[in-house]
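Below: the structure, in structure tokens.
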Amino acid sequence: MSNIILAFSLTLFAGLATGLGALIAFFTERTNKKFLSAALGFSAGVMIYVSLIEIFFKAKDALTVALGESKGYWMTVMGFFGGMLFIAMIDKLIPKKTNPHEVKTVEDVMQAELSPKELDEANLMKVGIFTALAIGIHNFPEGIATFMSAIHDPSVGIAIAIAIAIHNIPEGIAVAIPIFYATGKRKKAFKLSFFSGLAEPIGALVAFLILMPFLNDIMFGIIFAAVAGIMVFISLDELLPAAKKYDETHSSIYGVVVGMAVMAISLILLS
1 MSNIILAFSL TLFAGLATGL GALIAFFTER TNKKFLSAAL GFSAGVMIYV SLIEIFFKAK
61 DALTVALGES KGYWMTVMGF FGGMLFIAMI DKLIPKKTNP HEVKTVEDVM QAELSPKELD
121 EANLMKVGIF TALAIGIHNF PEGIATFMSA IHDPSVGIAI AIAIAIHNIP EGIAVAIPIF
181 YATGKRKKAF KLSFFSGLAE PIGALVAFLI LMPFLNDIMF GIIFAAVAGI MVFISLDELL
241 PAAKKYDETH SSIYGVVVGM AVMAISLILL S
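Going by the UniProt record's numbering, the first residue of the sequence shown is number 1, and it counts up by one from there.
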């Protein structure tokens with residue numbers, strides 16, 4: 001029972017980081033690019049390490065026990081790339097302009113959304129709402145991933161929640177800025193940014209109500225393998241390119257290495 005409460009708490013923490021992004025957008029004129037680059041690199045390092053060193057092999061162990069060495073390994077690999085394919089299809093269906101995997105700073109959003117052609121308030125409002133919906137769609141499978149990971153291994157769940165929370169902050173900025181400039185209302189912009197993050201705990205609730213009753217070694221292994229694939233895809237497609245984009249002093253690679261080191265040490269200490 002305590003693991004279930006922790007798992008829900010972690011998904012709520014990760015999802016509501018979009019609200020923190022909105023606050024940063026309102027009260028920060030310029031983004032600290034060095035910090036943003038290092039933070040995104042750190043998040044990528046955590047995700048890649050925990051996915052390839054911990055989650056993938058937990059999935060493999062569960063599936064080989066249930067299906068045998070060869071079949072279990074093949075199923076793990078299929079689940080891993082299936083997770084990548086799943087998140088890639090979601091990306092493909094969402095227009096680039098509103099895709100939260102196109103990480104934005106405060107300046108990016110203002111320049112993109114406040115050009116002469118985009119100053120129309122209805123246009124800005126539409127951009128903000130579609131961005132909020134896009135983030136909600138992306139956060140849903142992330143909520144499932146965080147919840148299922150925390151249920152099986154709280155230390156892994158905590159690591160994933162922290163990594164997701166870090167990359168949800170720029171997403172909150174992307175929602176809040178256009179809505180604020182369309183309406184002039186900070187409260188409304190914050191609310192929409194805040195609620196877009198609630199897709200994380202909703203994903204956790206779906207996992208609890210639908211997946212948990214049928215959870216066995218095979219389902220657990222497939223889900224964990226898919227989670228690893230999703231996390232690696234997000235890191236390679238979103239976090240690392242964005243970290244390098246805002247990198248000025250190799251801070252992104254330092255962030256990656258520190259993220260991996262922190263994850264490695266925490267897994268040893270919590271094992």
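Every residue gets a Cβ at the ideal spot worked out from N, C-alpha and C, and that includes glycine.
Only a predicted model underlies this, so the values are computations on that prediction, with no experimental measurement involved.
{"Item": "Closest residue to H250 among N3, S37, G197, T11 (Cα-Cα distance)", "Value": "S37"}
{"Item": "Buried or exposed (CB count within 10 angstroms, at least 16 for buried), K187", "Value": "exposed"}
{"Item": "Alpha helix (DSSP H) segment containing T11, residue limits", "Value": "2-15"}
{"Item": "Nearest neighbour of M75, chosen from M260, A225, F233, L240 [CA to CA]", "Value": "A225"}
{"Item": "Burial state of A17, where buried means 16 or more other Cβ atoms lie within 10 Å", "Value": "buried"}
{"Item": "Whether F220 touches A62 by CB criterion (7 Å)", "Value": "yes"}
{"Item": "Contact check, P170 vs T11, beta carbons under 7 Å", "Value": "no"}
{"Item": "Whether G41 touches S266 by CB criterion (7 Å)", "Value": "no"}
{"Item": "Under 7 Å between C-beta atoms of A150 and G157", "Value": "yes"}
{"Item": "Proximal residues to N3 (C-beta, below 6 Å), its chain only, five neighbours per side dropped", "Value": "I151"}
{"Item": "Between the CA atoms of I53 and G68 - distance to the nearest angstrom", "Value": "21 Å"}
{"Item": "The alpha helix (DSSP H) enclosing S51, as first and last residue numbers", "Value": "Careful: S51 lies outside any alpha helix (DSSP H) and carries neither H nor E."}
{"Item": "Among K34, I24, F27, the one whose alpha carbon lies nearest that of A242", "Value": "K34"}
{"Item": "L239 - containing alpha helix (DSSP H), residue span", "Value": "Unbroken run through L239: none, as it is neither H nor E."}
{"Item": "Pair within 7 Å by beta-carbon distance, H167 and L269", "Value": "no"}
{"Item": "Same chain, Cβ closer than 6 Å to V46, five either side skipped, listed in chain order", "Value": "A159, A163, G259, M263"}
{"Item": "S51 beta carbon less than 7 Å from that of A228", "Value": "yes"}
{"Item": "Backbone CA spacing between I24 and D91 [nearest angstrom]", "Value": "26 Å"}
{"Item": "Collapsed DSSP secondary structure at T249 in the structure displayed", "Value": "coil"}
{"Item": "Reference G203; option with closest CA among V257, A39, K58, G136", "Value": "G136"}
{"Item": "Alpha-carbon spacing of Y246 relative to I48, whole angstroms", "Value": "20 Å"}
{"Item": "N216 in three-state terms, based on DSSP", "Value": "coil"}
{"Item": "Rounded straight-line distance, which links the Cα of A161 to that of V254", "Value": "Note on residue identity: the sequence assigns Tyr, not Val, to residue 254. If I take the Cα positions, the gap works out to 21 Å."}
{"Item": "Reference Y73, options F57, I87, A88, closest by Cα", "Value": "F57"}
{"Item": "Delimiting residues of the alpha helix (DSSP H) encompassing D91", "Value": "69-93"}
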